[in-house]
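Using the numbering used here, read the sequence shown as starting at 248 and increasing by one per residue. All remarks here apply to the structure that follows.
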Amino acid sequence: MEVLHPEKFSPREFPMDEYWKVIIDTIQDGVMVVAPDGRIRWVNEAFERISGYSLAELSGRSCAVLECSACVVAREKGKQDGDCHFCAMFRRGELRGQRCVLRRKDGRMLHVLKNASVLKDAAGGVRGAVETVTDVSELVDKETQIETIRRELDSEERFHGLIGRSAAMQRVFDLILDAAQSDAPVIVYGESGTGKELAARAVHEAGQRSSGPFVKVNCAALNESLLESELFGHVRGAYTGAHRDRVGRFEAAHTGDIFLDEIGDLPLSTQVKLLRVLEDKVIERVGDQRPIPVDARIISATNRDLPALIAKGSFREDFYYRINVIPIWMPPLRERAEDIPLLATSFFQRIRLRSGKAIEGVSHRAMEALLAYDWPGNVRELRSAFEYAFVSCRGAVIEPEDLPPAVVRRTPPCLVPAPGPTPGPTPGPEETGETQPAEQAEGLGDLEAIKRQRLVQALRRTGGNRSAAARLLGISRTSVWSQMKRFGLAEGTAQGTAVGKTGED
């Protein structure tokens with residue numbers, strides 16, 4: 248294929264001015280050429296689109312017509328009229344990465360990123376300047392959304408990455424704060440997916456060792472020999488393939504915390520060596536006998552029953568007592584179902600922001616499915632469910648059919664009749680004062696209404712017995728009481744259900 252060069256075009260076939268205009272007009276960024284006095288000489292089509300002005304409207308006018316925020320600030324600081332970033336740029340020769348706000352013709356403010364360079368003739372004289380303008384409004388909107396979400400999540404319901412207002416999680420937060428004030432070993436127990444690593448990080452971040460490193464080791468991921476090299480390091484020639492000295496994780500964690508995940512899978516021989524670390528605060532690299540002092544607190548985690556492992560002979564009892572000084576138990580999600588809406592809000596906002604998908608919220612039916620499921624995979628499974636939902640959702644809101652099949656095959660526990668005498672006819676909305684929920688929870692904003700409805704149903708099923716209602720809902724009796732107060736159901740009627748002192752226990 249023949250390559251056409253600009254110089255081969257004759258002026259009659261394709262005038263050079265027209266040639267360059269076509270090229271510049273294909274650029275998606277705005278391009279503006281100004282004279283040394285700041286008057287606009289020319290703009291491309293993208294600049295017309297960005298600013299809302301046509302070339303005819305801008306040609307010959309001062310660039311001040313765009314009310315660039317950088318220029319306005321400069322003038323407000325007492326500089327001469329027109330002494331803007333262009334004037335400074337004429338002195339410096341260029342401008343790079345200037346973020347500012349322009350006023351469009353329609354009055355709307357637009358966030359842009361500007362770059363500019365001086366145009367000089369062959370003799371070095373300044374003939375003007377060219378500026379490129381990139382519309383970064385969408386980027387600024389994203390940054391604003393991120394900051395909004397950060398502020399929303401940085402609340403009393405969020406603690407170093409852990410989310411929850413349930414009594415169970417509040418106890419966890421208290422234990423973490425207590426553990427953080429000590430240098431004693433900490434162990435975090437909990438089922439898979441409950442957030443054990445987050446709890447370990449919270450202990451690190453909340454304590455005096457937060458300025459030091461937080462080093463993680465998965466004890467189940469490596470065999471015995473590799474694990475010891477990972478923990479303690481090795482010297483050159485310690486084994487085949489050890490071509491140089493290597494610093495271990497304990498040395499890397501000096502003055503900080505080392506997190507031993509899946510400590511229940513630690514080999515017995517490694518447990519013996521860790522006992523010495525706990526007792527003497529020294530390690531020896533593999534292949535070397537020189538003691539190396541280390542100052543690293545051990546935070547461990549497991550989902551296994553360590554006393555049962557001790558009984559089987561696969562875990563040392565003396566090592567267990569050395570690491571089990573400050574235990575923290577992470578509750579499974581089914582035991583803190585009241586936190587599901589909070590977690591759902593967090594995952595929904597984060598995934599929507601990352602995916603850019605225009606999903607407005609979660610329907611009431613979908614939220615009921617989330618609340619009814621027992622979550623054997625805990626918080627990790629809930630997060631995965633939202634990842635799945637964002638991929639499968641084709642509408643404006645997430646519906647039950649958008650959730651993983653396992654989640655929607657469950658019956659809400661609050662709809663199962665409580666044992667005892669057969670209840671009479673269930674009163675309708677007109678009798679109870681309840682209103683039927685809207686089909687859509689806009690941006691998760693109606694989650695409180697869902698929780699209130701479930702609480703009322705549970706209280707009605709149990710005749711106002713708060714303990715029984717708590718069991719149905721999978722929450723504590725204290726949480727039931729606090730929700731009743733928040734929803735105005737305490738010491739009176741729960742929308743037609745008697746709730747008095749006789750129903751407390």
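Cβ coordinates follow ideal geometry from the N, Cα and C atoms, glycine included.
Residue i versus residue j - alpha carbon distance
i	j	result
E509	D586	26 Å
E628	P652	13 Å
E471	R733	54 Å
A591	K268	52 Å
D649	I722	27 Å
V703	S714	14 Å
V529	L424	27 Å
F562	G511	7 Å
A636	L617	12 Å
I270	E378	16 Å
G711	R583	21 Å
R707	I546	45 Å
A543	D430	9 Å
G454	F461	12 Å
Y300	A643	35 Å
G408	S631	17 Å
A363	L342	5 Å
A716	S729	13 Å
R355	N291	20 Å
E444	R418	17 Å
L220	D276	Residue 220 lies beyond the stretch modelled for the chain, which goes from 248 to 752, so this question has no answer here.
E265	R288	16 Å
R724	S457	36 Å
G735	C315	53 Å
V359	S384	7 Å
G442	L349	46 Å
One or two residues paired with residue i in a DSSP bridge
i	result
V348	H358
Y300	For Y300, which the question treats as bridged, DSSP gives no partner whatsoever.
W289	V280
R707	None; R707 has no bridge partner.
P540	V529
L409	F406
T379	V278 and N362
A199	There is simply no residue 199 to check, as the chain begins at 248 and stops at 752 in what is shown.
F506	K463 and I546
E341	S364
I786	Coverage of the chain is limited to positions 248 through 752, which leaves residue 786 absent and any answer about it impossible.
A645	Checking the sequence, you will find Ile at residue 645 rather than Ala. Looking at the DSSP assignment, I645 forms a beta bridge with V609.
Buried versus exposed call for residue i [16 or more other C-beta atoms within 10 Å across all chains shown]
i	result
L422	buried
Y436	buried
H490	exposed
D527	exposed
G608	buried
Q700	buried
Y486	exposed
G667	The predicted position of G667 is uncertain, since its pLDDT is 38 and thus under 50; no value can be drawn from it.
G503	buried
S476	buried
L513	buried
L719	buried
A558	exposed
S516	exposed
A369	exposed
R496	buried
S306	exposed
R524	Arg is not the amino acid found at residue 524; the sequence shown has Val there. With 16 or more other Cβ atoms within 10 Å, it is buried.
Expected contact under 8 Å - CB spacing of residue i and residue j to nearest Å
i	j	result
S413	S726	6 Å
P432	R569	7 Å
I505	V464	7 Å
G480	V533	7 Å
Q518	F566	4 Å
G371	P283	Not confirmed; about 14 Å, so no contact.
K367	C347	Going by Cβ atoms, the distance from K367 to C347 rounds to 25 Å, so no, they are not a contact pair.
E438	P579	5 Å
R599	I606	6 Å
A446	I575	6 Å
V373	F294	Not confirmed; about 22 Å, so no contact.
E531	P538	6 Å
G344	V365	Going by Cβ atoms, the distance from G344 to V365 rounds to 17 Å, so no, they are not a contact pair.
V482	D535	5 Å
Whole runs of the beta strand (DSSP E) within the segment 453 to 496, excluding any shorter than 3 residues: 461 to 465
Length at least 3, wholly inside the segment 553 to 634: the beta strand (DSSP E) runs in chain order: 573 to 576 and 608 to 610
Entirely enclosed alpha helix (DSSP H) segments - the segment 429 to 454, minimum 4 residues: Runs of the alpha helix (DSSP H) inside the segment 429 to 454: 443 to 453.
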